[in-house]
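J.: Just dropping this structure here.
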Amino acid sequence: MFSIGKLTVSPGYFMQSHEWLADHLKASATRKVPEVPEWLQQTPWLQEFLARVLQVVHPSLHDACSQTLSAMGSTPDLQAAASRWPAIFEVIELIINHDTP
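In the UniProt record's numbering, the protein residues as written are 1 to 101.
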């Protein structure tokens, strides 16, 4: 599905060197990669499991992540991506170390 390497998946991000609260989040280009939505749709059970674990082991981080995703959902540029984002975390790093047939 993905080639060897690292892929950062997120509904939105700060542009490089723009990480202040006054800077605006931008829609992530990874959502345009056809395999990304497909992969995200195949992993809702995993995302739900991780969200429940985070809620138990670090409730304040879970609340912060929920608030961030809610804020992303109320941003016009990010509404579509945030509404389809299945994870509690705002970023998922995929590390692919081999190709499979």
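Built from N, CA and C at the ideal position, the CB exists for glycine as well. What you are looking at is a predicted structure, and each value in this text was computed from that prediction instead of being measured.
Quick one: grab the DSSP three-state call for V53.
T.: If DSSP states are grouped into helix, strand and coil, V53 belongs with the helices.
J.: When we look at the beta-carbon of T8 and count the other beta-carbons within 10 Å, is it buried (16 or more) or exposed?
T.: When all chains shown are included, T8 counts as exposed.
J.: Where do the ends of the beta strand (DSSP E) carrying V9 lie?
T.: G5 to V9 is the span of the beta strand (DSSP E), which, as asked, contains V9.
J.: Distance check for A80 and H98, CA to CA, integer angstroms please.
T.: Approximately 32 Å between the Cα atoms of the pair.
J.: Compute the Euclidean distance between the alpha carbons of F49 and K26, then round it to the nearest angstrom.
T.: If I take the Cα positions, the gap works out to 28 Å.
J.: By the three-class DSSP mapping on this structure, what secondary structure does E90 have?
T.: In this structure, E90 counts as coil in the three-state DSSP scheme.
J.: Quickly, what does DSSP pair G73 with across the bridge? List them, please.
T.: Answer is none; G73 lacks a bridge partner.
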